[in-house]
Each structure stands twice: as C-alpha cells, then as structure tokens.
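Encoded as structure tokens, the structure appears first; notes follow it.
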Amino acid sequence: MKSCIVLCGGHSKRMGKDKGSLVIKDKPMIVHLLDTLNHEVDEVIIVLNDSNRINKYKEIIPSNYSFSITYIEDIIKDKGPLSGIMTGLNKITPSHALVLPCDSPFISKEHVNKLYDLFDDSFDALLPFSDDSNIIKTCEPLHAIYQKTNIKKIEQLIENNQLAIKSLIEKIDCKFIKIENKKEYKNLNSPKDLDKFN
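What follows is the structure, given as structure tokens:
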C-alpha cells in the first residue's frame, strides 16, 4: 500500500495567503499535486493547521480520486513541517509514507514512482539530493519518504524546540538518491513565483 502525506499547514508568509488553495492554471495548487498522485497512491493524508482550512480544502478538492483522502489538523500547532510530518505518520496505514508540500506542482508521476521503488525499509528515510559535495545541504526533506518509526524522534526534537528538519536528518539513518531533474522540487513561495508559473 502506498501512502502520501501532503503538508498544507504553513503560514505562507512570503506568499501572503494560503498557498495550497491558490488557483494557478485554472485549478488550486494542491489539485495539481493530487492529480499527479491519482492512480499512483492508495491514500493521501492532508495535514492542515486548523478546522477552518480543513473545511476550505474539502470544498476545493475533487472527490473522484482513486485514493482515499483524510484531512487532519497538526497534533502540535505552529511547530513547522516537523509537526506536520509527525501528524501524518501517526495517521498512515502502512509503515512509511511519501511526504510532499502542497506548493510543489511540478513533481511527476514517474518521480513519485521512482521514490517508492527505491525506498528501502532498512533505512529510516529516503531523501533525494542534488550535489555530491554537500548531500545534507542539498537534500529535499519535504520530498522524501519516512518510516513511522521516526515518530518518537520527531516528538523529542519538538519537545526540545529543535524544529529544523535537518535536525531529524542528522539523527536518523537515511538513504540518499541523486536528483536528475531539480525542477520537480521547485516550490512556489511568492507572488513572483506564481507569475512565472502562469
């Protein structure tokens, strides 16, 4: 079974508004991502930071996808993507899940399948990277696969207010894979980025 956690709980300070619901090329950004996941995964866990946003997303997301969708609030509020990953991992059915941000509309079906195919459950996580000279600095922790066994480590980091995802990467056993197409990992973070996309 293939599971994907989609992180939508950010405050979108640079964009100035909720990114996942922004309409680009005639549909919300998150729908671009979910369209890519259609027929590639069995369940999607969408992590948001409050019930109002959950209701908003339920209105804009189609109901005819091949996968099941579960909407869930961050277990711990305002602690960044680490909390979102932990929240999603607590909800998934299988032992691991692909994590993606809602503002990544360029990732392809082929790449999603490549990540699942290369995942090795003897590791805590699978992370793409782009530069052999600095793997940690150029890895993509928000486009990665994580095991549920990381939950306790994430809880400890949050308790100690160590909220950078790199703090987790340095504490777990990761398998790294070289990125062939960096464009797939591009995020849309600002109005200027949106203008380029449209």
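Start counting the sequence shown at 7; every next residue gets the next number (this note's numbering).
Heads up, the beta-carbon is just placed ideally off N, CA and C, and yes, glycines get one too.
Keep in mind the model is a prediction, meaning the values are calculated, not measured.
Per DSSP, the unbroken alpha helix (DSSP H) holding I171 starts and ends at I171 to I175. The segment 47 to 103 is shown to contain whole alpha helix (DSSP H) runs of 4 or more residues at 57 to 66 and 86 to 97, in chain order. Around the CB of M35, 16 or more other CB atoms lie within 10 Å, so the residue is classed as buried. Beyond the five residues adjoining it in sequence on each side, E146 comes within less than 6 angstroms, by CB distance, of P134 and Y191 in the same chain, given in chain order. Note: C180 is bridge-paired with A131 in the DSSP secondary-structure output.
The Cβ-Cβ distance between G94 and I51 falls below 8 angstroms.
Excluding sequence positions up to five before and after P107, its CB lies within less than 7 angstroms of the CB of L13, L148 and N193, all in the same chain and listed in chain order. Cβ contact annotation for L28 (same chain, cutoff 6 angstroms, sequence separation greater than five): M35, in chain order.
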